[in-house]
Each structure stands twice: as C-alpha cells, then as structure tokens.
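Residue numbers (our numbering), protein chains in the order written: chain A, 45 to 318; chain B, 6 to 315. Where is the CB? At the ideal position from N, CA and C, for every residue including glycine. This structure is a prediction, so every number in the text was calculated from the model and none was measured. Please read the structure below before turning to the comments.
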C-alpha cells in the first residue's frame with residue numbers, strides 16, 4: 045500500500061527517523077551517524093509517500109523494492125522500517141547487539157522489509173538493477189529504488205551497474221544519490237573526485253535530476269518525475285549535508301563512523317527536540 | 006565426447022523447457038555454452054558484458070524476485086574477479102544463484118596461467134552457505150544442474166573445457182548433493198577425484214590392476230557438502246588415499262578430504278594436483294604431463310602412498 049503523507053507529515057517523519065538514529069547509535073556504542081542523518085528525508089519520502097509496500101506481508105510479490113547501497117546507513121533504514129511498521133521500534137535499541145537482527149549493515153535474512161543485504165560498497169545498485177530488470181522481463185509493474193553514496197561512486201561496479209541499467213532501459217529504476225560530499229578520509233572531491241556527476245551519468249544514458257535532499261517537497265517532485273520516465277532509468281542527485289540535523293555532526297567527516305557518547309546523545313537530543 | 010561445459014550449455018537449454026530460471030553471461034556465452042539457452046529463451050537470458058562483478062549482484066537481485074539464476078563466466082573471472090560479489094552479494098544474503106564456472110584448472114590449455122583458475126574450489130568452499138559441485142561427464146553435469154536447481158541457495162558449479170570421456174552411462178547415475186560415487190571398488194588404495202580427473206583415475210586403476218594392485222575409485226563431485234561417510238569407509242577399507250584434482254593442492258577437494266580424515270579416521274594421503282604454482286600455456290596433454298595429472302603419475306602416487314601405510 046502506498047501512503048500519501050503530506051509535506052508536514054513527511055518532515056515530521058524525517059525528524060522521527062533522526063531521533064531513532066541518534067538513540068539507536070547511542071545504545072549500540074558504534075556505527076555511522078553522519079550518512080544515516082543525511083538520508084532521513086529520502087527514506088521518509090520513499091516509505092511514506094512513494095513506495096508501494098505492505099509491512100504485514102514484507103515479501104509480497106508486487107511490492108516496490110528498495111536497496112540501501114550505502115549499507116552503513118543502516119540505522120536510518122531500520123528506523124524507517126520500524127516507523128513504517130515492519131517491526132517494533134523497541135528493536136532499534138538492540139542495534140549491533142549479539143542476538144539482534146539489526147546487524148551493523150543490513151541483512152535480508154534477518155530483517156523483514158530488507159530486500160537485499162548490503163555493506164560492501166558498489167554492490168547494492170547492481171542487485172537493485174537486477175530486480176528492476178526482472179520486473180521488465182516478467183511484465184511486472186513494480187518500481188525499484190536505491191540510495192547510493194557519493195563516495196561509493198568511486199567503486200567501478202557502480203559504473204557497470206549504470207551501464208547495464210541504461211542498456212536494458214530500466215525505466216522502473218530510480219537511484220537517489222546522497223551527495224553530501226564527505227567520505228571517511230575527507231571530502232569526496234579531494235579523496236578521489238567523482239565529479240562532474242550529472243554529465244557522467246547522463247553520458248551513461250540516464251535521465252538526471254537534481255533535488256535538495258533535505259526538502260521533502262523537492263524529493264517528492266523528483267520521484268514523481270522519475271515515475272513518469274518510461275525511456276531510461278532516473279538518477280536523482282540529492283544535495284545533502286552529512287550529519288544533518290545535529291549541528292556538531294554536520295559536515296564533519298569524523299562523524300562518518302563514531303560512537304555517540306552519553307554527552308553527545310544529550311546534546312543531540314536537546315537540539316533535535318528543540 | 007562432450008566437455009562438461011558443453012553438457013552444461015545443453016542442460017540449461019533442455020531443462021529450461023520445463024523449469025523457470027534466468028541465465029546471465031559476461032560476453033563468453035559461446036565458450037560457456039550458455040548461447041544455446043540464449044537462442045532458445047532470449048527473454049530469460051541477459052548478456053551483462055565484460056563486467057562480472059555487476060553480473061553476480063544483478064543475478065542476486067533477480068533471484069530475490071523468486072526465480073533461480075545461473076550466472077556464467079570462466080572460473081577465473083567468477084571465483085577470482087567477482088569473489089566479493091559472490092561472497093557479499095550472493096552467499097551472505099543466501100540468494101538462489103548458481104554460478105556456472107567453466108574453464109577450471111590448467112588443462113584448459115594454451116590460454117595460460119591468467120586464465121587457468123586453480124584456486125576457485127578453495128575460495129568457494131570457504132564461503133558459508135555455498136555448495137560446491139564439480140561433475141566429471143555429461144551425465145553427471147545434467148545431474149548437477151538439476152540438483153542445483155532443486156536446491157534453494159547458492160551453488161558453485163565447476164566445469165572443464167576439454168572433452169570428458171563418459172564415466173556414467175545414461176540413466177545409471179544416482180546423484181545427490183553430499184553424496185560421492187563409487188566408480189570402482191578396491192582394497193589397496195582409494196583414488197578420489199573430481200572433474201576430468203575421474204576418468205584419468207579409471208585409467209590409473211587399470212595400470213595398477215595390471216601390477217596386481219587393487220585400487221578403488223571414488224567420484225567426489227559434491228565437494229561441499231562432502232560425503233564423509235563414504236570417505237571414511239574407503240579409508241578404513243584400503244588404508245590410504247590419493248586425491249586427484251586439476252586445482253591447487255592447497256584448499257581444494259584434496260584438502261576437503263584430508264579435513265574429513267584428520268577429524269574422523271587419520272589416514273595417509275597423497276595429493277595429486279597443482280603444487281602451488283601458476284599454470285602456463287601448452288597443449289592439454291603437455292600440461293597434464295608437466296603438472297603431474299596423467300594416469301601414470303596417479304599410479305606412481307598410489308604406489309608411494311601404499312608403501313607409506315606399511
């Protein structure tokens with residue numbers, strides 16, 4: 045079932061996802077805050093506005109699919125799934141624990157709603173393209189969405205997947221790029237530039253759109269446009285801020301993967317709930 | 006005399022008539038023989054170009070939609086080049102993907118060391134959730150393809166390039182994943198082989214028989230899971246083992262057999278295979294001679310290990 049949350053509701057949901065992310069990472073004592081916080085709006089819009097999914101029947105054959113290619117942003121993914129009703133929000137506090145289904149990176153065998161296990165960068169986009177291709181070849185009308193990291197574009201396999209998706213005209217396939225321009229060792233353009241992204245991806249045969257990754261209305265419009273594209277796959281460059289919503293984490297490469305201490309937690313929650 | 010890769014291609018095209026599955030290839034469909042399936046069922050075939058990593062994950066994605074997928078290329082580009090995609094994209098998520106890897110071992114011939122994959126079984130065997138099969142002739146190839154399809158989960162299938170002499174007459178093979186086959190019973194030594202080495206062991210068995218040595222020959226096509234019971238039974242019966250494979254002696258079928266023996270019934274083993282070195286160009290027979298994969302060398306190894314058991 046496709047929900048149609050309003051702009052205000054989608055913004056509130058992105059906020060909930062951020063709170064869940066900070067709480068679960070605080071409980072876990074390790075994990076990836078920066079890249080989780082930067083995709084909160086994208087997940088809100090996908091799960092509460094765009095995607096046709098059924099949490100009570102997570103493997104329903106006709107559902108839309110989602111693959112988090114940047115698997116380290118799992119805390120945000122788990123938060124969105126819990127908020128959408130795939131499992132209890134209480135589970136979020138077990139993140140990364142020894143008996144928890146919520147692994148450090150998403151595991152499709154353990155978590156209802158996770159369509160593909162990811163973690164090794166560059167691979168999720170290929171798997172997502174495979175799903176979209178299956179739909180095309182089998183006459184199914186489901187759509188496939190994938191969130192890709194900008195640093196992840198340094199992996200050669202991403203370009204193999206872009207090539208294949210355009211070759212097979214997977215117009216039911218939409219990639220959202222989390223373009224926060226930060227990776228573990230620093231700025232993407234300094235570590236290993238992937239720019240100019242638009243020109244490169246267009247040259248690979250995709251329709252390329254740009255959106256403010258923290259503006260839910262902008263994201264809704266982009267996904268609607270992508271849905272109308274019947275010729276090529278669509279690539280949405282979402283301009284984002286790593287660590288968005290928690291000021292001391294914003295635009296800090298150091299917050300790619302770092303523990304949220306008790307003090308960090310208090311400060312972050314105060315700010316989020318202000 | 007069909008090679009197991011040719012039998013694989015025929016099996017896909019035949020079984021595709023009654024079973025629903027996809028086949029992917031990476032620009033080697035004529036060599037891997039998936040071309041027969043491609044011609045017959047173009048709507049279920051995808052050429053992914055020379056991009057093996059993407060092919061493996063793409064296959065995994067298709068499989069999550071409920072249909073098995075065969076992803077084919079040379080062993081060197083499957084287990085080697087796309088190792089991480091097989092590990093993290095197929096085995097870790099336990100996807101229903103069958104990796105059809107042709108051109109395993111040095112006996113592929115003149116292409117040389119870059120293309121002669123001698124470590125694929127070791128790599129694939131070490132991945133949890135992965136089943137590893139290596140058939141020896143047409144009949145067993147068909148059986149392996151059918152068994153892989155009937156099994157829900159990742160399977161690595163290793164095929165050779167050369168023509169493989171018939172080991173099993175049509176309709177005589179009772180194959181199952183996890184089950185070894187007794188090709189010939191014996192009392193003095195047990196030869197355990199995979200792929201093209203099975204028929205070479207049959208030749209070695211004849212050479213030994215002429216000298217009054219009674220060798221048993223086992224076909225261990227199911228490398229993982231392996232038939233521990235059968236291995237122990239013959240270890241106890243013959244007191245020594247020779248493993249024979251066109252693969253590095255480190256980590257392959259011989260190592261799998263040794264693991265079983267060390268744990269259950271310590272028995273002397275001689276390992277015939279590639280002695281931890283890369284291959285080279287040459288005719289298959291020159292290569293077999295150079296790397297010790299002939300019936301004569303297998304017979305020699307047998308006599309050596311018989312002496313050792315005392």
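Task: DSSP state of residue 189/B mapped onto helix, strand, coil - done: strand
Task: Identified DSSP bridge partners for residue 49/A - done: Per DSSP, none; premise fails for residue 49/A.
Open item on the list: Quick check on residue 58/B - is its C-beta less than 8 Å from some C-beta in chain A?
Closed with: yes
- [ ] Could you please give the first and the last residue of the uninterrupted beta strand (DSSP E) stretch that includes residue 193/A?
- [x] 188-193
- [ ] Put residue 119/B into one of helix, strand or coil per three-state DSSP.
- [x] coil
Open item on the list: Any beta carbon of chain A sitting closer than 8 Å to that of residue 192/B?
Closed with: no
TODO: Could you confirm whether any beta carbon from chain B is found closer than 8 Å to the beta carbon of residue 152/A?
DONE: yes
Task: Separation of residue 135/B from residue 318/A, as counted between CA atoms - done: 51 Å
TODO: Report yes or no: is there a C-beta of chain B within less than 8 Å of the C-beta of residue 159/A?
DONE: yes
- [ ] For residue 156/B, name the three-state secondary structure that DSSP assigns.
- [x] coil
Open item on the list: Taking 6 Å as the limit between beta carbons, can you name the residues of its chain near residue 33/B, skipping five residues before and five after?
Closed with: 78
Task: Segment limits, beta strand (DSSP E) that includes residue 109/A - done: 109-112
Open item on the list: Please report the distance separating the alpha-carbon of residue 79/A from that of residue 168/A.
Closed with: 16 Å
Open item on the list: Between residue 84/A and the ligand GTP, is there a pair consisting of the residue's CB and a ligand heavy atom that are separated by less than 7 Å?
Closed with: The ligand GTP is not among the ligands present in this structure, which contains no ligands whatsoever.
Open item on the list: With three or more C-beta pairs closer than 8 Å as the rule, is the region 64-78 of chain A touching the region 275-295 of chain A?
Closed with: yes
- [ ] Go to residue 74/B, then tell me how far its alpha helix (DSSP H) extends in each direction, as first and last residue.
- [x] Taken as a continuous stretch (DSSP letters only), residue 74/B belongs to no alpha helix (DSSP H), being part of the beta strand (DSSP E) at 74-79.
Open item on the list: I'd like to know if residue 128/A contacts chain B, where contact means its C-beta is closer than 8 Å to some C-beta of that chain.
Closed with: no
Open item on the list: Please report whether the beta-carbon of residue 167/A lies at a distance below 8 Å from any beta-carbon of chain B.
Closed with: yes
TODO: Taking residue 278/A as part of the beta strand (DSSP E), name the residues at either end of that continuous run.
DONE: 278-283
Open item on the list: Just to confirm my understanding: we take residue 4/B, look at its own chain, exclude 5 residues before and 5 after, and list those with CB closer than 8 Å. What are they?
Closed with: Limits of chain B in this structure are 6 at one end and 315 at the other, which puts residue 4/B out of reach.
Task: Distance between residue 97/A and residue 110/A (C-alpha atoms, nearest Å) - done: 10 Å
Task: Where residue 163/A meets chain B, residues with beta-carbon distance less than 7 Å - done: 93
Task: Contact under 8 Å by Cβ, residue 48/B with residue 82/B - done: no
Task: Short Cβ contact (8 Å threshold) for residue 103/B with residue 7/B - done: no
- [ ] Classify residue 281/B as buried or exposed, calling it buried when 16 or more other Cβ atoms lie within 10 Å of its own Cβ.
- [x] exposed
TODO: Mind checking which residues open and close the alpha helix (DSSP H) that includes residue 106/B?
DONE: First-last for residue 106/B: 102-107, but that is the beta strand (DSSP E), not the alpha helix (DSSP H).
Task: Min CB distance residue 249/A to chain B below 8 Å - done: no
TODO: Verify the CB distance criterion: does residue 22/B have a CB-CB separation below 8 Å to chain A?
DONE: no
Open item on the list: Check this for me: beta carbons of residue 188/B and residue 150/B, under 8 Å apart or not?
Closed with: no
- [ ] Determine, using beta carbons only, whether residue 153/A and residue 99/B come nearer to each other than 8 Å.
- [x] yes
TODO: Indicate whether the contact test is met: 3 or more Cβ pairs, each with one atom in the region 262-282 of chain A and one in the region 295-307 of chain A, closer than 8 Å.
DONE: no
Task: Simplified DSSP state of residue 68/B, which is helix, strand or coil - done: helix
Task: Straight-line gap, residue 187/A to residue 108/A (C-alpha atoms, nearest Å) - done: 5 Å
TODO: Evaluate the contact criterion for the region 172-179 of chain A versus the region 62-70 of chain B: three or more CB pairs, one atom per stretch, below 8 Å.
DONE: yes
Open item on the list: Give me, in chain order, the residues of the same chain whose beta-carbon lies closer than 8 Å to that of residue 10/B; leave out the 5 immediate sequence neighbours on both sides.
Closed with: 36, 37, 38, 107, 108, 164, 165 and 166
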